[in-house]
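The end of the sequence shown is residue 75 by this note's numbering, with every number in the run present. A quick write-up on the structure given underneath.
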Amino acid sequence: LLYDIACQFGPHLQKHEYTKDLKDFIRVAVNKFHGFAHEYKCSQLWGAHQTTGVGDSDGEGCERVWALLKTIVHS
């Protein structure tokens with residue numbers, strides 16, 4: 001799960017009892033774009049470039065889809 005504030009969400013997710021069964025299946029990381037805005041320590045712990053299985057994904061794919069949809073659907 002690539003998320004802008006994964007460095008805050010990840011620890012929150014790990015400490016709750018209701019997510020204990022998901023810990024082996026979900027990896028949380030800061031997407032590559034927002035990773036540059038975070039502190040160095042944060043990017044080393046939570047950066048997408050440090051997360052196994054992310055590959056070249058930048059984590060912004062869903063936002064590109066929303067950008068296209070907003071031209072079609074007005075809120």
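Cβ coordinates follow ideal geometry from the N, Cα and C atoms, glycine included.
- request: Using only alpha-carbon positions, find the residue among Ala29, Gly59 and Phe25 that is nearest to Gly10.
  value: For the residues Ala29, Gly59 and Phe25, the minimum Cα distance to Gly10 belongs to Ala29.
- prompt: Are three or more beta carbon pairs between the stretch 13 to 32 and the stretch 40 to 49 nearer than 8 Å?
  reply: Touching, per the Cβ criterion.
field: CA-to-CA distance, Leu2 to Val13, given in whole angstroms
entry: Checking the sequence, you will find Leu at residue 13 rather than Val. Their Cα atoms are separated by approximately 14 Å.
- request: Go through its chain and collect everything with a Cβ distance to Arg64's Cβ below 6 Å, but skip five positions before and after it.
  value: none
task: Note down the Cα distance separating His38 from Ala67, rounded to an integer number of angstroms.
output: 24 Å
- prompt: Would you call Cys7 buried or exposed, if buried means 16 or more other Cβ atoms sit within 10 Å of its Cβ?
  reply: By the Cβ-count criterion, Cys7 is buried, with 16 or more other Cβ atoms from all chains shown falling within 10 Å of its own Cβ.
message: Distance check for Arg27 and Asp21, CA to CA, integer angstroms please.
response: Spanning the two alpha carbons is a distance of roughly 13 Å.
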